[in-house]
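Here's the structure we're looking at; comments come further down.
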Amino acid sequence: MSGTRSFLIASTAEQTDLQLDSQGNLRHLLTMHNLEQQHITMLLDKAETYLSDIGKKPVRSTTLQGRTVASLFFEPSTRTRTSFELAAHRLGADFLNLNVNTSSRRKGESLLDTVYTLQAMQVDVLIVRDAQTGVPAYIANHANEFISVLNAGESTIAHPTQALLDLLTIRQQKKDFEKLTVAIIGDIKHSRVARSTSEALVTMGAPDIRLICPESLTPEKGTLPSQAKILHNVRDGISNADVIMPLRIQRERIENLADIPTVDQYYANYGLKSSHMSLAAPDAIVMHPGPMNRGIEIESKLADSAASVIQEQVKNGVAVRMAVLAAVIKSLNYKDSK
Amino acid sequence: MSGTRSFLIASTAEQTDLQLDSQGNLRHLLTMHNLEQQHITMLLDKAETYLSDIGKKPVRSTTLQGRTVASLFFEPSTRTRTSFELAAHRLGADFLNLNVNTSSRRKGESLLDTVYTLQAMQVDVLIVRDAQTGVPAYIANHANEFISVLNAGESTIAHPTQALLDLLTIRQQKKDFEKLTVAIIGDIKHSRVARSTSEALVTMGAPDIRLICPESLTPEKGTLPSQAKILHNVRDGISNADVIMPLRIQRERIENLADIPTVDQYYANYGLKSSHMSLAAPDAIVMHPGPMNRGIEIESKLADSAASVIQEQVKNGVAVRMAVLAAVIKSLNYKDSK
Amino acid sequence: MSGTRSFLIASTAEQTDLQLDSQGNLRHLLTMHNLEQQHITMLLDKAETYLSDIGKKPVRSTTLQGRTVASLFFEPSTRTRTSFELAAHRLGADFLNLNVNTSSRRKGESLLDTVYTLQAMQVDVLIVRDAQTGVPAYIANHANEFISVLNAGESTIAHPTQALLDLLTIRQQKKDFEKLTVAIIGDIKHSRVARSTSEALVTMGAPDIRLICPESLTPEKGTLPSQAKILHNVRDGISNADVIMPLRIQRERIENLADIPTVDQYYANYGLKSSHMSLAAPDAIVMHPGPMNRGIEIESKLADSAASVIQEQVKNGVAVRMAVLAAVIKSLNYKDSK
Numbered sequence: 001m002s003g004t005r006s007f008l009i010a011s012t013a014e015q016t017d018l019q020l021d022s023q024g025n026l027r028h029l030l031t032m033h034n035l036e037q038q039h040i041t042m043l044l045d046k047a048e049t050y051l052s053d054i055g056k057k058p059v060r061s062t063t064l065q066g067r068t069v070a071s072l073f074f075e076p077s078t079r080t081r082t083s084f085e086l087a088a089h090r091l092g093a094d095f096l097n098l099n100v101n102t103s104s105r106r107k108g109e110s111l112l113d114t115v116y117t118l119q120a121m122q123v124d125v126l127i128v129r130d131a132q133t134g135v136p137a138y139i140a141n142h143a144n145e146f147i148s149v150l151n152a153g154e155s156t157i158a159h160p161t162q163a164l165l166d167l168l169t170i171r172q173q174k175k176d177f178e179k180l181t182v183a184i185i186g187d188i189k190h191s192r193v194a195r196s197t198s199e200a201l202v203t204m205g206a207p208d209i210r211l212i213c214p215e216s217l218t219p220e221k222g223t224l225p226s227q228a229k230i231l232h233n234v235r236d237g238i239s240n241a242d243v244i245m246p247l248r249i250q251r252e253r254i255e256n257l258a259d260i261p262t263v264d265q266y267y268a269n270y271g272l273k274s275s276h277m278s279l280a281a282p283d284a285i286v287m288h289p290g291p292m293n294r295g296i297e298i299e300s301k302l303a304d305s306a307a308s309v310i311q312e313q314v315k316n317g318v319a320v321r322m323a324v325l326a327a328v329i330k331s332l333n334y335k336d337s338k
Numbered sequence: 001m002s003g004t005r006s007f008l009i010a011s012t013a014e015q016t017d018l019q020l021d022s023q024g025n026l027r028h029l030l031t032m033h034n035l036e037q038q039h040i041t042m043l044l045d046k047a048e049t050y051l052s053d054i055g056k057k058p059v060r061s062t063t064l065q066g067r068t069v070a071s072l073f074f075e076p077s078t079r080t081r082t083s084f085e086l087a088a089h090r091l092g093a094d095f096l097n098l099n100v101n102t103s104s105r106r107k108g109e110s111l112l113d114t115v116y117t118l119q120a121m122q123v124d125v126l127i128v129r130d131a132q133t134g135v136p137a138y139i140a141n142h143a144n145e146f147i148s149v150l151n152a153g154e155s156t157i158a159h160p161t162q163a164l165l166d167l168l169t170i171r172q173q174k175k176d177f178e179k180l181t182v183a184i185i186g187d188i189k190h191s192r193v194a195r196s197t198s199e200a201l202v203t204m205g206a207p208d209i210r211l212i213c214p215e216s217l218t219p220e221k222g223t224l225p226s227q228a229k230i231l232h233n234v235r236d237g238i239s240n241a242d243v244i245m246p247l248r249i250q251r252e253r254i255e256n257l258a259d260i261p262t263v264d265q266y267y268a269n270y271g272l273k274s275s276h277m278s279l280a281a282p283d284a285i286v287m288h289p290g291p292m293n294r295g296i297e298i299e300s301k302l303a304d305s306a307a308s309v310i311q312e313q314v315k316n317g318v319a320v321r322m323a324v325l326a327a328v329i330k331s332l333n334y335k336d337s338k
Numbered sequence: 001m002s003g004t005r006s007f008l009i010a011s012t013a014e015q016t017d018l019q020l021d022s023q024g025n026l027r028h029l030l031t032m033h034n035l036e037q038q039h040i041t042m043l044l045d046k047a048e049t050y051l052s053d054i055g056k057k058p059v060r061s062t063t064l065q066g067r068t069v070a071s072l073f074f075e076p077s078t079r080t081r082t083s084f085e086l087a088a089h090r091l092g093a094d095f096l097n098l099n100v101n102t103s104s105r106r107k108g109e110s111l112l113d114t115v116y117t118l119q120a121m122q123v124d125v126l127i128v129r130d131a132q133t134g135v136p137a138y139i140a141n142h143a144n145e146f147i148s149v150l151n152a153g154e155s156t157i158a159h160p161t162q163a164l165l166d167l168l169t170i171r172q173q174k175k176d177f178e179k180l181t182v183a184i185i186g187d188i189k190h191s192r193v194a195r196s197t198s199e200a201l202v203t204m205g206a207p208d209i210r211l212i213c214p215e216s217l218t219p220e221k222g223t224l225p226s227q228a229k230i231l232h233n234v235r236d237g238i239s240n241a242d243v244i245m246p247l248r249i250q251r252e253r254i255e256n257l258a259d260i261p262t263v264d265q266y267y268a269n270y271g272l273k274s275s276h277m278s279l280a281a282p283d284a285i286v287m288h289p290g291p292m293n294r295g296i297e298i299e300s301k302l303a304d305s306a307a308s309v310i311q312e313q314v315k316n317g318v319a320v321r322m323a324v325l326a327a328v329i330k331s332l333n334y335k336d337s338k
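Protein chains in written order, with my numbering: chain X, 1 to 338; chain V, 1 to 338; chain A, 1 to 338.
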């Protein structure tokens, strides 16, 4: 590995360039930043075709038959990896689980050599999760023309498939993004979900996005869309909100844990409770990207209430990942296919 | 997780209720306790149809095509997990291996939220192993109507698919349960195999079940079928026995290891040896649920002798698990299937 | 486990006997030692049929449909295990990943009991990697007639599928083995790749094989083919070489790390650099078995140069493993197949 800094060469602008091919089709999925409305709408529409009711057979297709999807996760994950694995299987792909972690990367082989190896094995799609900024774009920038990279979580800055499943869930419940008030509450500073989802909401025209956090978890300037308002008071933040999404505190990304409130303080001041819901819009929905800490960022009974669409999010997650896989595979035209 | 105690709400009676649907069909497989003869016989008969000779192709079917089976093992296991994985594949299902352990449960997400996530991903069958009593029933009690729970090992109290494979192996060798003398030797106190297999043997009418153990490993009253006799002397225990099954000492479940004999003492007093076999019935068979510690609970050459049916047990294990999967899947009627 | 020494009963001569069946067909793949030219050529020819260009669909077949391939790796590996997993999937097999490590073997169950378990589960092919000499042959010697063992890395002595992929890569580039000068540079003492690849090169008639290593990493007499020359100077070693393969230092197999040079010393004296290439034959190729440590055994830019065929090796690895799987499966005639 040529060192940490080399990852930083991919600016957000470069990421945007990387993720579309010369015909403007989705080539990699790296970021929600600058991904246009038409692409988001196309992916959400495609995802809808992969949904079936709970209790009905999941939709399957042969779109990825003969293809190989590999997960290259340098951070532990069960939920997202499983969602991608089911998505790949339900499209007919082979799925490889690579057991990698930072220590194995230190063992000597560079990140790019691992990628070159998978490329030589004719893997088609690489699902990448990493704690460091720039890794997915770095891989996309160096892989050959027959491999597609999907960002499954990148440091504090991007989690695009989470943003897509959030948007699909909101669209199912609220139809029109252009009148929406959305409140995201919690560790905004370290949340890649807050970033990707608010970027996508801005693109879809949501006029009122509120990011509510303790002072110590305020994001640095310029890291989130300028259209989003930073607030520190939950009651103000959820006033008339249509969509409310509490987040967990990302302890693993916080350098000085003394900066963050205790669990009890946090729940008292930032935990979303049923009693708050009268301040929100009458038909407000409650979302959570998971894993959820009941009794910390959300009152347990609220997570199970009629307002909660948390399980819909999970279900939509598989469909959205199927849609993304199906979209990028089209950009990888085999020489022998028509 | 609402806490440990909440798991205990599922009494054995409730488990029995949970495991059959309103038509009396197998809905979950949680315990052998009170599972009726007709269900056991049905499962053994079905398992027979999935057997082929070693060296012939394993039987395959499409019974679970389009279905997803997930293993949720909170205790390590290779043998049982692999057996379920092969069973699922040979029925055409997708199989998900979830890498969970107690520590990941402590990371914050509750057990039920993990289950709700899998449910939202349209997983059909959850294979659960846990060191704590009550977890499989707790999950079955809270999952929706489209998910089935199979107990793959629960604390010291239940291991129903092991009981079924033991019974299938005995039936193949001995035909008639109603004249059978069965001796189970070892750490009866901590053995879920002793419990489930003796419960199932009682149901099938086996008249003479002997549980032989050191004094310090005597099970508490009421935890095993009242029809089973507790003995402390191996020679008495295996006298005229038709089936003899030594067990390993479950060190991981023993709080005070000072209570248990040393390996040498144990082998001297409780190890099953070839020399014992003249005391047993002339055509007695030797079984072992595995993993086997040769030279501790069983003499190595006895494990490889003509009397040993240990490999038949393993082979029957896959067939029995196919039968259970095929049975519960019928109770999960998809809305779109006839 | 009857103990470490029992593995040693399989001498190289016995391995040779084990690996062919009575008709002279490949039954197991354990070693390159004494594997005849006709077998090697047959496997390389078969592997060629499984190759497609990068960017074309990988070749697939149904040769192993209904079969089960299991990996039993007692040493960590991502690269080799992944290559076998893709090979098995692309031939239509089910693939089982067994999470075993030395500690689990110490937990009590013997190696052979693990094998007997897999055999009873009707697994067809066992891919074995172990740090100890003799394990693959020991398993092959004790498994039944319906199971085939493939050695995926054995201590310092054998890695036959790596040898085959090296030979396929050389044959693609150089056509004629009989005029070839091959230089292998590095930790020859602990390298199973050096051993297997040089054995196979001797069999194919390569007249000039040079093994170049620091004094402290000189292999013991008799452990490598007598036709191979041991040298300690890189410049001499690569003079007019057609094929140059640097190896990594196998730190995990070195008892006294004080014996080996520092990284800087090593790179200065034994690292292969672009500047060396003018000493080699004009169209010399550079190979590496991976994982590669850039800046230690090889200059980074040389690994990416036109002379490098390192990615071809990886690609050929999948094809070679498909060829081996297809070959041994023919020796496992099911009773019910024609």
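Backbone N, C-alpha and C define an ideal beta-carbon position, used for all residues, glycine too.
So with Cβ pairs under 8 Å, would you call residue i a contact of chain V?
{"i": "residue 100 of chain A", "result": "yes"}
{"i": "residue 159 of chain X", "result": "no"}
{"i": "residue 126 of chain A", "result": "no"}
{"i": "residue 109 of chain A", "result": "yes"}
{"i": "residue 144 of chain A", "result": "yes"}
{"i": "residue 311 of chain X", "result": "yes"}
{"i": "residue 321 of chain X", "result": "no"}
{"i": "residue 314 of chain X", "result": "yes"}
{"i": "residue 190 of chain X", "result": "no"}
Relative to the alpha-carbon of residue i, which residue among the options has its alpha-carbon at the smallest distance?
{"i": "residue 147 of chain A", "options": "A/253, A/321, A/70", "result": "A/70"}
{"i": "residue 333 of chain V", "options": "V/27, V/246, V/110", "result": "V/27"}
{"i": "residue 215 of chain V", "options": "V/224, V/293, V/260, V/35", "result": "V/260"}
Is the CB-CB distance between residue i and residue j below 8 Å?
{"i": "residue 29 of chain A", "j": "residue 150 of chain A", "result": "yes"}
{"i": "residue 209 of chain X", "j": "residue 228 of chain X", "result": "yes"}
{"i": "residue 120 of chain X", "j": "residue 315 of chain A", "result": "yes"}
{"i": "residue 142 of chain V", "j": "residue 112 of chain V", "result": "yes"}
{"i": "residue 185 of chain X", "j": "residue 243 of chain X", "result": "no"}
{"i": "residue 130 of chain V", "j": "residue 67 of chain V", "result": "no"}
{"i": "residue 75 of chain A", "j": "residue 24 of chain A", "result": "no"}
{"i": "residue 85 of chain V", "j": "residue 73 of chain V", "result": "no"}
{"i": "residue 298 of chain X", "j": "residue 271 of chain X", "result": "yes"}
{"i": "residue 352 of chain A", "j": "residue 43 of chain A", "result": "No statement about residue 352 of chain A is possible, as the shown extent of chain A runs from 1 to 338 and does not include it."}
I'd like to confirm the pairing. Which residues does DSSP put opposite residue i in its beta bridges?
{"i": "residue 73 of chain V", "result": "V/129"}
{"i": "residue 154 of chain V", "result": "V/130, V/158"}
{"i": "residue 97 of chain A", "result": "A/71"}
Any C-beta of chain A sitting closer than 8 Å to the C-beta of residue i?
{"i": "residue 83 of chain V", "result": "yes"}
{"i": "residue 96 of chain X", "result": "yes"}
{"i": "residue 330 of chain X", "result": "no"}
{"i": "residue 116 of chain X", "result": "yes"}
{"i": "residue 54 of chain V", "result": "yes"}
I'd like to know if residue i contacts chain X, where contact means its C-beta is closer than 8 Å to some C-beta of that chain.
{"i": "residue 327 of chain V", "result": "no"}
{"i": "residue 271 of chain A", "result": "no"}
{"i": "residue 66 of chain V", "result": "yes"}
Using a Cβ cut-off of 9 Å, pull out every chain C residue sitting near residue i, in sequence order please.
{"i": "residue 113 of chain X", "result": "Chain labels in this structure do not include chain C; the protein chains are X, V and A."}
(message) Contact between the region 162-174 of chain X and the region 189-197 of chain X is defined here as three or more beta-carbon pairs at a separation below 8 Å; is this criterion met?
(response) A contact exists between the region 162-174 of chain X and the region 189-197 of chain X.
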